[in-house]
Structures are given as structure tokens and as C-alpha cells.
Amino acid sequence: MRATLSKKVGTGSNKRLEKLNVHIRNSWRTSLQLIRSIEPLRVAVSLRSQDGQRITNSPNAAAKNSGAISESLRVSQRKIAKSLKLSSSTVHNIIQRLRESGTISVCKGQGRKTILDARDLRALRWHCITYRNATVMEITTWAQEYFQKTLSVNTIHRAIRRCRLKLYRSKKKPYLNMIQKRRRFLWAKAHLKWTVAKWKTVLWSDESKFEVLFGKLGRHVIRTKEDKDNPSCYQRSVQKPASLMVWGCMSACGMGSLHIWKGTINAERYIQVLEQHMLPSRRRLFQGRPCIFQHDNARPHTASITTSWLRRRRIRVLKWPACSPDLSPIENIWRIIKRKMRQRRPKTVEQLEACIRQEWDNIPIPKLEQLVSSVPRRLQTVIKRRGDATQW
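Written as C-alpha cells, this is what we have:
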């Protein structure tokens with residue numbers, strides 16, 4: 001196919017031309033290569049009209065570009081397409097656009113007008129940010145009433161993406177009422193002057209529950225629309241999977257002891273755990289240096305017999321605000337170990353216990369120092385958010 005620029009473009013070519021507009025708009029490198037490759041054709045277009053007559057009457061311009069014209073007529077569209085790794089129809093449509101408009105860029109105003117203009121998008125963005133927990137159906141209903149336009153759910157989806165917003169799964173955080181936020185705010189202000197060295201003298205402790213994972217993980221599956229009832233596309237779940245309760249303690253100096261048991265815990269069992277695991281860990285990690293013991297406000301921790309035992313042992317306890325797991329570095333340790341469990345996927349309770357102990361011992365000391373050093377920043381975030389939950 002020679003580069004004859006007088007060929008007309010049909011309806012199918014117009015559709016390909018619209019696709020070509022999107023392709024060139026998103027790939028400036030391809031546009032630059034095309035401009036360099038068919039620059040002689042641009043000269044030929046500028047000197048020839050649609051019926052083959054010359055547009056310019058300047059003999060100097062014709063003589064100056066005669067070499068480029070002859071060179072352009074010797075280059076076929078097929079060779080240009082092969083060198084640029086494009087289809088022949090794509091090159092033909094670009095040359096056709098050159099002949100008609102003198103440029104390969106997309107003309108302004110080309111394509112169908114959007115239903116929502118820039119002002120509507122600003123109003124939609126404000127509404128989405130104000131009501132972040134609203135569903136797409138609720139946003140669509142509001143948009144139809146507010147803009148007085150017929151809008152579908154897919155249109156609102158595209159408009160939300162145009163607003164540089166996206167639907168995400170929200171992070172789970174404990175509910176905090178006004179009293180709890182106030183207490184967290186006052187506690188953070190009272191301990192804001194503590195240095196990192198002071199926080200390194202704290203022995204952090206907590207319990208966590210680990211379950212044996214069954215089935216396939218994840219809420220998302222790759223499938224077609226017709227495969228929604230395919231058994232391989234189901235998310236399997238178990239009503240009461242086998243689980244273990246784990247108690248552990250850590251500090252910036254290293255990891256403490258780990259205690260694993262089945263079932264729940266009460267105040268008597270918790271005191272036994274402190275005698276058998278907390279006291280030896282404190283002696284091993286701090287070696288007689290003064291330290292502060294931290295635990296949350298769970299019922300076994302705040303029971304009268306537990307507080308009496310801690311008072312008799314002369315153990316200094318850090319007062320802790322309610323519903324504040326984001327302030328404890330050991331919560332990040334549990335998160336790391338649970339992520340490892342999802343990757344290793346133990347099948348039995350014995351394998352689960354062995355994996356937990358192995359991953360507990362593999363936590364490096366620099367990671368512990370990093371987590372403990374982040375406590376002052378966590379307090380600053382709590383103060384900035386007036387006691388609300390933080391990102392940790």
C-alpha cells in the first residue's frame with residue numbers, strides 16, 4: 001500500500017481513528033516516532049490538496065521540499081507500520097488525519113461530551129468525602145436528585161474515579177466514645193515528655209488469638225460473570241476453627257517468653273503466667289535494672305487479686321487507657337506473626353504452635369527498637385486527632 005493521501009476514510013475507519021486518538025493521547029513516544037517517520041509526508045500534504053493540486057504557489061518552497069516529497073512517495077505505509085510495529089490501518093488513519101487537519105494530535109472537543117462537567121465533579125467529590133461510608137447506590141440516588149440528570153451506577157463509578165477517588169476496604173479500629181477519646185488525649189499529653197530511652201524501659205505484654213486457617217483466603221477471586229456459582233470460586237469458611245491463645249512480652253532489648261494454651265484465661269491463670277513467664281523475662285531482659293510493666297485493661301488484668309499480686313511483688317505498672325491497641329508496639333508483633341501464619345498456612349494445632357514459636361524467635365532486635373521508638377510519634381498523633389484512633 002503506497003502513501004496515497006487521497007483515499008477517503010469510511011465509518012469503520014472513523015471508529016479506528018477514535019481508538020487511535022486514545023492510543024496517541026496515552027503514548028507520546030509513539031506520537032514522536034510517528035512524527036519523525038512521516039515528517040516527509042507532512043511536507044507532501046502541505047504542498048498537495050485533496051485533488052492533487054498544489055496549495056502553495058511559491059516555487060522556492062516547492063524546490064526546497066521536492067526531495068522530501070519524492071522521499072515520502074517512496075515510503076509505503078506498510079514499511080512505516082512494520083518499522084513502528086503498528087497495524088497498516090493505524091498508519092493509514094494517521095496519514096488521513098494529517099491530510100485533513102495537518103496534525104496527528106487529537107482535536108479539542110472531539111468525542112462525546114461527558115454527562116457531568118467539572119463543576120458537577122467538584123460537588124460529587126465533596127459529597128463522597130463528606131459521606132465516606134455511603135454506598136455507590138446511595139451516591140447515585142443523591143446525584144440524580146442533585147444534578148437532575150439520569151445517571152447510572154456505572155456512570156457514578158467512572159465519575160468517582162475521575163474525582164481521583166476509589167472504593168477501598170476500610171481498616172478495622174475499635175469504637176471510641178467521647179469519654180474514651182478524652183482519656184486517651186489526656187494520657188498522651190501526660191506521657192508526651194517521656195523520651196525514647198524511657199520507653200525502652202517498658203516491658204510490653206499482651207494476649208492474642210490464633211486460628212488454624214482452612215479453605216482459600218481472600219474475598220476476591222478471578223472469574224468470569226458466568227462462573228459465580230463455580231465451586232472453585234467460593235470462599236470457604238469454618239464456623240468454629242481450632243484456635244490457640246498466646247501470651248507474650250517484649251521490650252526494646254529483645255523478645256520475652258511465650259505462653260500458649262487452649263481456651264480462655266481468668267485471673268488465677270493470668271497470675272500463673274506472670275509468675276512463670278513475666279518475671280523470668282524481666283530478669284533476663286533488664287538484668288536487675290528498673291522497668292515498667294504494661295498490660296491492657298482486660299478483666300483478668302484489672303481483677304483485684306491480680307492488682308494485689310502486682311502490688312506485693314512491687315511491680316510498677318503503666319496505667320493504660322481503654323481501647324488503645326494502637327499505642328502498644330506488641331500489637332504490631334502480633335500482626336507480623338499472623339501475616340506469616342497466612343503465608344505458611346499450618347494445618348493442625350501442633351503445626352500452628354510450632355510456627356508461632358518459630359516466628360516469635362525470628363523477630364529481630366532492630367525491629368523491636370523501631371517499634372518502641374515510634375511510641376512518641378503515636379502519642380503526637382493521638383493529640384493531633386484529639387484522642388481518636390491512629391494509623392498504627
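Going by the UniProt record's numbering, the residue at position 302 of the sequence shown is 302; the numbering climbs one at a time, nothing skipped. Using N, Cα and C, we set each Cβ at its ideal position, and we do this for glycine too.
For isoleucine 292 and arginine 236, the gap between their C-alpha atoms comes out near 44 Å. Counting the other Cβ atoms within 10 Å of the Cβ of threonine 140 gives 16 or more, which makes it buried. Membership of isoleucine 305 in any beta strand (DSSP E) is not indicated; the residue belongs instead to the alpha helix (DSSP H) covering 304-312. Three or more Cβ pairs closer than 8 Å define a contact, and the segment 343-350 falls short of that threshold against the segment 312-325.
Straight through space, the alpha carbons of glutamine 294 and isoleucine 333 are spaced by roughly 15 Å. Between the alpha carbons of leucine 86 and isoleucine 94 lies a gap of roughly 11 Å. Counting along the chain, glutamate 211 sits inside the beta strand (DSSP E) bounded by residues 202-211.
Per DSSP, the unbroken alpha helix (DSSP H) holding tryptophan 334 starts and ends at 330-344. Put simply, of Glu207, Tyr146 and Leu274 the residue whose alpha carbon is nearest the alpha carbon of valine 246 is Glu207. Counting along the chain, histidine 127 sits inside the alpha helix (DSSP H) bounded by residues 118-130. Take lysine 340, set aside five residues on each side of it, and the residues of its chain with a beta-carbon closer than 8 Å to its own are Cys355 and Glu359, in chain order. Counting along the chain, the unbroken alpha helix (DSSP H) around cysteine 355 starts and ends at 349-361. Under the DSSP assignment, isoleucine 292 falls in the beta strand (DSSP E) whose first and last residues are 292-294. The beta carbon of leucine 121 is closer than 8 Å to those of Ala159, Arg162 and Cys163 in its chain, skipping five residues each way along the sequence.
Contact between phenylalanine 210 and leucine 186 does not hold, since their C-beta atoms are separated by about 34 Å, which reaches or exceeds 8 Å. With a cut-off of 8 Å on Cβ pairs, the segment 244-263 is in contact with the segment 275-285, counting three or more such pairs.
Beta bridge pairing from DSSP links leucine 244 with Phe210. The residue from Arg378, Ala303 and Arg282 with its alpha-carbon nearest to that of serine 328 is Arg378. Counting along the chain, no alpha helix (DSSP H) covers methionine 255; the unbroken beta strand (DSSP E) around it starts and ends at 254-261. Per DSSP, valine 221 lies in no alpha helix (DSSP H) segment and is marked neither H nor E. The beta carbon of arginine 316 is closer than 7 Å to those of Ile292 and Phe293 in its chain, skipping five residues each way along the sequence. Rounded to whole angstroms, threonine 130 and serine 232 show a C-alpha spacing of 39 Å. Per DSSP, serine 373 is one residue of the alpha helix (DSSP H) stretching across 365-373.
In terms of Cβ geometry, leucine 192 and isoleucine 336 do not form a close pair [threshold 8 Å]. A residue is called buried when at least 16 other Cβ atoms come within 10 angstroms of its Cβ; alanine 242 does not meet this threshold and is exposed. With 16 or more other Cβ atoms from the protein chains shown falling within 10 Å of its own Cβ, alanine 252 counts as buried.
Under DSSP, the beta-bridge partners assigned to methionine 250 are Trp204 and Met255. C-alpha of isoleucine 222 to C-alpha of lysine 173: approximately 29 Å in a straight line.
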